[in-house]
Structures are given as C-alpha cells and as structure tokens.
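Before any comments, here is the structure.
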Amino acid sequence: MNPYILFFFIPLSWFVTMFMIEAGSLVMLPICKYENYREKMMLVLGSLWAIIATSLVYLVVSLDALFAPVMFVTGEALFGLLMTLIIILAFHHYFIGSAEGAESLGRHMSSKTFLILAAPFALITAFIGTTIFTSVFSGYGIGLKLPLSTVATVLEKNELSEVMHEMPNLQVFYPDFMTMIFNAFNWVFFIGIVMYVVYFTVAFYGIKERFLIGALALTLANILLLVSTDIWLPTVFNSAVGNAGFWIYLVILYVILYLSTHKNLPWRQAWVFFFTFLGGMMFGVFTQGNILVDAVPPSGIPATLLLNNPTTLAANAVVLGMAGVLVLGGVTAVSYKVLYKTAVEKAEARKASVK
Numbered sequence: 001m002n003p004y005i006l007f008f009f010i011p012l013s014w015f016v017t018m019f020m021i022e023a024g025s026l027v028m029l030p031i032c033k034y035e036n037y038r039e040k041m042m043l044v045l046g047s048l049w050a051i052i053a054t055s056l057v058y059l060v061v062s063l064d065a066l067f068a069p070v071m072f073v074t075g076e077a078l079f080g081l082l083m084t085l086i087i088i089l090a091f092h093h094y095f096i097g098s099a100e101g102a103e104s105l106g107r108h109m110s111s112k113t114f115l116i117l118a119a120p121f122a123l124i125t126a127f128i129g130t131t132i133f134t135s136v137f138s139g140y141g142i143g144l145k146l147p148l149s150t151v152a153t154v155l156e157k158n159e160l161s162e163v164m165h166e167m168p169n170l171q172v173f174y175p176d177f178m179t180m181i182f183n184a185f186n187w188v189f190f191i192g193i194v195m196y197v198v199y200f201t202v203a204f205y206g207i208k209e210r211f212l213i214g215a216l217a218l219t220l221a222n223i224l225l226l227v228s229t230d231i232w233l234p235t236v237f238n239s240a241v242g243n244a245g246f247w248i249y250l251v252i253l254y255v256i257l258y259l260s261t262h263k264n265l266p267w268r269q270a271w272v273f274f275f276t277f278l279g280g281m282m283f284g285v286f287t288q289g290n291i292l293v294d295a296v297p298p299s300g301i302p303a304t305l306l307l308n309n310p311t312t313l314a315a316n317a318v319v320l321g322m323a324g325v326l327v328l329g330g331v332t333a334v335s336y337k338v339l340y341k342t343a344v345e346k347a348e349a350r351k352a353s354v355k
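Residues 1 to 355 (the working numbering) make up the sequence shown, in order.
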C-alpha cells in the first residue's frame, strides 16, 4: 500500500468522523426524549463548527497536494455533485446557526425546531458525500471519453499534466448522474453508513435507553457494508474478511457500545471517535489503492498513477503533515477547550445554582 494513498485517508477519515458527530446528533435529537442527553448534544453541536469547516478545507487541500494532475479532469465528472453538496451544506449550517442563536436567547423550543429542520439537510449532505465516495471507488457514473489504453498510457508515463496543457479543452471523464446516484451499491452502502451513525451516536453520548437500537444498528451496518463490498468492491471485502484484525475491530465496537451505555466508560467519546477514525483508515488499506474498480476492469486504476511527481509529492506531504498538526489539531483543541468544555462548565454551574 503506497503511503501517500494511505496519507490521504487521514483527513478523509477525520472529516467523516467529525461530520458523523454532528449528523448523528441532529438525527437522534428528535427521538432522544431525555433532557440530559439533549443538552449534551446541543453543547457538542455548538463546538463543531470550526472543526468541520477546517477539516473540509484541509481535505480539499490534501486532494490538490497529492492528486493535482487529475483534479481538473475528475472535477468535470464530479463538479455537479460537489456544487450541490456545498449548497445543501449552506442550508444545513444556516439552520444550526439559527438554532444556536435561539438557544442563546433562551428560546429552547425554537432552537430544537431549527435543529430538527437541519437534520434532513445533514442526511442529504451525507448522501451526496457518499455518492462521490462510492463513484470514485466503483466508477459508477464516471465515464471515459478516451480509450482506456490511451488513458492508461498517459497515466503510467506521468504525462497527464502535459497533455492537459497542450489540449486544455480535452475531456477525459464525464458524468452520468443517474447512474452515479441511482445504483444499488450507492444506496446499500449509504444505508449502512446511516446505521453506523446511529450506533456511533448512542455510544458517543452513552445513551443507555437506546442500547438495543445501537446494537441493532451496528449489526445492520456491518451486514450492509460487507454485502455491498462483497458484490461491488470485492478487493475490499476479501481484504477485510481475511484479516483477523478486522474481526477483532468489530468485537471492540460492540464492547465499546456496552461499556459506554452501561459502565460509564472513561474517555468514552475519545474511544468512539478513535475507532471510527480507525475504521476509515482500515477501509483505505483494504482498497489496496485501487479506484474505478467497476469502470475499468478487472481491478480498476491504481491510485498511485494519479499522484503528483515524486519531488512535489514529498514536499507537499511535509507541508500537509505540519498543517494537520498545527492548524487542524490546533482548531480541534481550541474548539474543545473554549466552545465545548467551557460551555459544559457553565451548564453545570447553572444546574448547581438552581439546586
């Protein structure tokens, strides 16, 4: 597995895990009737703004730093979905911002209404993101304008940037949005992710009363993700089921769910976050660095062919690493300390004064 390919899964897994916290909180809020959990969810939502926004920017920068030669040509195929995602995400942020404003004015019912309205936009954002993800790895909905042999030759010789410079109007990939969105792999995989988000939220907040829902959701998520990869991404499926560490990982997820909801697991949220992030990294390893698996038989295109030239790649990796630690890590630390921990302390102080 090329380390630069795996390197890209770090910001991707980080962003996905962060978004799961927000999306899961929004989706679970209407059915979580216990005031103490609702208040914790509100505090968490208020602390995620800067982290999610910075994570998304860092993810885009990572794409350009590692895969610059193909950003333009793949952008033609994914531009429509990306623009739709940004518009939906704007509505999503608008409702969350309105909820925070209402909460600060003491209008708690209005705040909850705004958060409920934000939930479908969170689901649509997640669905579009999943569609982009499944399309890139499966190739569904991404067509080739040029013969495969020509594209392969250009990629293998690292001549794509030169070709694009000489023929700026050349279109290599083109989108088929109906196939991209309405294919079985995309929907089965997405439902599996939604089930995992339900598990994630129950474990993250330690909602004992929803333990059975969390266990059922995790089981369904495992089944759907394994079935979808077995049928449409066999490389991922075979790599996973043949790895003892994968089965140990699944057992750990169930253990964490039980300990989080029944035993007040120390550092519960950190453990749930870490193992979700680890799951994203494991998926990256199990792909063995191949994309467009169904579009380019028999095993897709090695993502290594899409990387920058070695010199630029090495320099960009150092810069990305420093930015990840200093910027992304710094924003996360500040958001936790200033926005979350301080808010929790104020909430506890209010409760103490009331008593």
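The beta-carbon is built from N, C-alpha and C at its ideal position, and this holds for glycine as well.
Check, Outcome
"Residues of its chain near Thr360, where Cβ-Cβ distance is below 7 Å and the 5 sequence neighbours each way are ignored", "The displayed coordinates of the chain run from 1 to 355. Any statement about residue 360 would go beyond what the structure contains."
"Cutoff 6 Å; reference Ala118; Cβ partners in own chain excluding five residues on either side", "Leu26, His92, Phe95, Ile96"
"Close-in-space but distant-in-sequence residues of the same chain around Leu59 (CB under 7 Å, 5 per side omitted)", "Pro11, Leu12, Phe15"
"Where Ile301 falls: helix, strand or coil (DSSP)", "strand"
"Distance cut-off 7 Å: Ala333 Cβ against heavy atoms of the ligand ZN", "The model on display carries no ligand, and the ligand ZN is accordingly not part of it."
"CB of Val293 within 8 Å of CB of Ser138, strictly", "yes"
"Burial state of Tyr34, where buried means 16 or more other Cβ atoms lie within 10 Å", "Here Tyr34 scores only 48 on pLDDT, less than 50, and its place in the model should not be relied on; the value that follows carries that caveat. Answer is exposed; the Cβ neighbour count stays below 16."
"Secondary structure of Ile207, DSSP reduced to three states", "coil"
"Three-state secondary structure assigned by DSSP to Met18", "helix"
"Nearest neighbour of Leu233, chosen from Asn290, Val44, Pro302 [CA to CA]", "Asn290"
"Beta strand (DSSP E) segment containing Tyr174, residue limits", "173–175"
"Nearest-angstrom Cα separation, counted from Ala317 out to Met178", "36 Å"
"Opening and closing residue of the alpha helix (DSSP H) in which Leu123 lies", "108–138"
"Exposed unless 16 or more other CB atoms sit within 10 angstroms - verdict on Val334", "exposed"
"6 Å CB neighbourhood of Ser201 in its chain, flanking five on each side removed", "Here the sequence assigns Thr to residue 201, which means Ser is not the residue at that position. Excluding positions up to five away in sequence, the list reads Gly24, Met28."
"Minimum C-alpha distance to Leu123 - residue among Val327, Ile88, Leu307, Thr261", "Ile88"
"Alpha carbon of Ala102 to alpha carbon of Thr113, nearest angstrom", "10 Å"
"Cβ pair Ile256, Val272 closer than 8 Å", "yes"
"Opposing strand residues paired with Gly143 [DSSP bridges]", "Tyr174"
"Helix, strand or coil at Asn290 [DSSP, three-state]", "strand"
"Anticipated Cβ contact below 8 Å, Ile51 with Val331, distance rounded", "6 Å"
"Check whether Ala221 and Gly214 have beta carbons under 8 Å apart", "no"
"Backbone secondary structure at Leu328 - three-state DSSP", "helix"
"Uninterrupted alpha helix (DSSP H) stretches inside the stretch 206–286 (no shorter than 4 residues)", "211–232, 234–241, 244–262, 268–286"
"Phe182 - DSSP class collapsed to helix/strand/coil", "coil"
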